[in-house]
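Below is one structure, written out as structure tokens, with a few remarks after it.
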Amino acid sequence: MSKYLYGFDLSMECTGLTIFELDTMKPILVTSISTSHFKKSATHGQKLKYIEDRMLEIIKQYPPTVVTIERGFSRFNTSTQVIYRVHGIINKLFYQTEQIYYPPKTVKEAICRGDATKKYVQDTIKKVYSNIIFENEDESDSFAVALTYLIKNKLIEWNKLEIKKKRTIRKCE
Numbered sequence: 001m002s003k004y005l006y007g008f009d010l011s012m013e014c015t016g017l018t019i020f021e022l023d024t025m026k027p028i029l030v031t032s033i034s035t036s037h038f039k040k041s042a043t044h045g046q047k048l049k050y051i052e053d054r055m056l057e058i059i060k061q062y063p064p065t066v067v068t069i070e071r072g073f074s075r076f077n078t079s080t081q082v083i084y085r086v087h088g089i090i091n092k093l094f095y096q097t098e099q100i101y102y103p104p105k106t107v108k109e110a111i112c113r114g115d116a117t118k119k120y121v122q123d124t125i126k127k128v129y130s131n132i133i134f135e136n137e138d139e140s141d142s143f144a145v146a147l148t149y150l151i152k153n154k155l156i157e158w159n160k161l162e163i164k165k166k167r168t169i170r171k172c173e
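Numbering (the working numbering), first residue to last: 1 to 173.
Okay, here's the thing in structure tokens:
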């Protein structure tokens, strides 16, 4: 039975999720769960239920071994409270699975440098994983969080200096 690493960038509007297969250390799912299709009148409860239902489908297909989550930070009190409701759903769904929170700076530092922009982190990831297509920043953030686990636990070789020298390969459409 395969073992799976989940990486999350949690949000009420668009939660990013990346899953790596731990036997191969390869990403097998990069997706996001968006609630943007809900009407403005939709409640937080309706959106949370949608996120939970979608996650249950994914968990059935890819039973988690370890879960990594980008740690939130307090910017605006109300939006922070809403985001932490999503954290509660994820904490509940994965209660039997090890959950590791990484601060954004730790994620950036593991991949390139602590003061990097989201774009720089994404570009660095693309140098190694040129076949991955990110539909939004939430997906690239979730990928970075999962990758941080692999790097910090020395499950993959990640040489920041060598990667920095690589040129990004752009595919023509």
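The C-beta atom is built at its ideal place from N, Cα and C for all residues, glycine as well.
In this text the structure is predicted, and so the values were computed from the model without any measurement.
Beta-carbon proximity of residue i to residue j, cut-off 9 angstroms
i    : j    : result
G16  : L147 : no
V67  : I90  : yes
V30  : I156 : no
Y102 : E70  : yes
A144 : I163 : no
M1   : I51  : no
Residue i versus residue j: straight-line alpha-carbon distance, rounded
i    : j    : result
N136 : Y129 : 16 angstroms
K165 : K152 : 21 angstroms
E173 : V121 : Note on E173: pLDDT 42, under 50, position unreliable in the model; no value is reported.
D53  : I100 : 22 angstroms
K4   : I33  : It should be pointed out that residue 4 corresponds to Tyr in this sequence rather than to Lys. Roughly 18 angstroms between the two C-alpha positions.
F20  : K39  : 33 angstroms
Y158 : R113 : Sequence check: residue 158 is Trp here, not Tyr. Spanning the two alpha carbons is a distance of roughly 13 angstroms.
T35  : K49  : 10 angstroms
For residue i, three-class secondary structure by DSSP
i    : result
G16  : strand
K3   : coil
Y102 : strand
E173 : For E173, the predicted structure reports a pLDDT of 42, less than 50, and the residue's modelled location is therefore unreliable. A value from the coordinates is still provided. It is coil, neither helix nor strand.
D138 : helix
L155 : coil
D9   : strand
L22  : coil
I163 : helix
Supposed contact pair residue j and residue i - C-beta distance, whole angstroms, cut 8 angstroms
i    : j   : result
L10  : V86 : 5 angstroms
S142 : T65 : So it is not a contact: roughly 16 angstroms between Cβ atoms.
Exercise. For the stretch 20 to 28 against the stretch 39 to 53, are there 3 or more C-beta pairs whose distance is under 8 angstroms?
Worked result: no
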